[in-house]
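Down below is the structure, laid out as structure tokens.
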Amino acid sequence: KQEVTQIPAALSVPEGENLVLNCSFTDSAIYNLQWFRQDPGKGLTSLLLIQSSQREQTSGRLNASLDKSSGRSTLYIAASQPGDSATYLCAASGYSTLTFGKGTMLLVSP
Amino acid sequence: DVKVTQSSRYLVKRTGEKVFLECVQDMDHENMFWYRQDPGLGLRLIYFSYDVKMKEKGDIPEGYSVSREKKERFSLILESASTNQTSMYLCASSLPLLGGGAGANVLTFGAGSRLTVL
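Protein sequences, first through last, are from chains E and L.
So the first sequence is numbered by this note's numbering: it starts at 9 and just counts up by one.
So the second sequence is numbered by this note's numbering: it starts at 0 and just counts up by one.
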């Protein structure tokens, strides 16, 4: 059974820092790896999806990488801003399942 | 703007009541999902559907049922609500993987329904 782990569980940084969020998964037979953002009390918003054949995806200040062989994905956020404060979740998709990590709660202080 | 709409943002129900949570998507997606989210436990899949009238159990289906009579609508039913079903419920939809697998392409989530059972 796929297990997805996110480290750290919480992270606090000053505005302007570059930061990396980590996601690891136990079964490398995935179809894609997705990153989401969740604001308190709200639903999830899709940020990036990396297909299993890809190594990375970029959207604005966000860059996500995927290393299937080592079972890892990272989300890089450049020049963090207070508006980036949220919980970030990753999810690994198999053929018939999607398994979420428990998320990293990010706080960016002005 | 495409979206997934959950009918109720907040509900308060009493133990034993029958509860309906409705979800509608306007993206013509085949796949629809119901999750619950609890602190410390993350998102857990209750049921998913990959076509009209088709449904599959997720990780925690006990105490729940679902209905998908139309492609755009996926309903979650709590036949007899209990206090341990107090939670945030999230609906999502996606296109299927190439080849028809129920694993997800980009997921679009609704805003969530926070249910409290007293």
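Even glycine gets a Cβ: it sits at the ideal position worked out from N, Cα and C.
Enclosing beta strand (DSSP E) for residue i [first to last residue]
| i | result |
| --- | --- |
| methionine 31 of chain L | 30-37 |
| tyrosine 63 of chain L | 63-69 |
| serine 32 of chain E | 27-33 |
| proline 22 of chain E | 18-22 |
| tyrosine 88 of chain L | 86-93 |
| methionine 53 of chain L | 53-56 |
| asparagine 40 of chain E | 40-46 |
| glutamine 10 of chain E | First-last for glutamine 10 of chain E: undefined, no H or E at that position. |
| isoleucine 85 of chain E | 80-85 |
For residue i, three-class secondary structure by DSSP
| i | result |
| --- | --- |
| glycine 41 of chain L | strand |
| threonine 14 of chain L | coil |
| aspartate 75 of chain E | strand |
| threonine 82 of chain L | helix |
| aspartate 27 of chain L | coil |
Cutoff 8 angstroms: residue i Cβ touching any chain E Cβ
| i | result |
| --- | --- |
| leucine 94 of chain L | no |
| leucine 73 of chain L | Just to set this straight, residue 73 of chain L is phenylalanine in the shown sequence, not leucine. It does not: the Cβ of phenylalanine 73 of chain L has no partner Cβ on chain E nearer than 8 angstroms. |
| leucine 89 of chain L | yes |
| phenylalanine 108 of chain L | yes |
| leucine 42 of chain L | yes |
Below-8 angstroms beta-carbon distance, residue i vs any chain L residue
| i | result |
| --- | --- |
| phenylalanine 33 of chain E | no |
| glutamine 62 of chain E | no |
| lysine 76 of chain E | no |
Rounded Cβ spacing between residue i and residue j (contact assumed at less than 8 angstroms)
| i | j | result |
| --- | --- | --- |
| lysine 50 of chain E | alanine 91 of chain L | Between alanine 91 of chain L and lysine 50 of chain E the Cβ distance is about 13 angstroms, and since that is not below 8 angstroms, they are no contact. |
| phenylalanine 47 of chain L | phenylalanine 32 of chain L | 4 angstroms |
| glutamine 84 of chain L | glycine 57 of chain L | At roughly 15 angstroms, the Cβ-Cβ gap does not stay under 8 angstroms, so glutamine 84 of chain L and glycine 57 of chain L are not in contact. |
| isoleucine 58 of chain E | leucine 70 of chain E | About 12 angstroms; that fails the 8 angstroms criterion. |
Distance cut-off 7 angstroms: residue i Cβ against heavy atoms of the ligand HEM
| i | result |
| --- | --- |
| cysteine 90 of chain L | Absent from the structure shown: the ligand HEM. Ligands present: none. |
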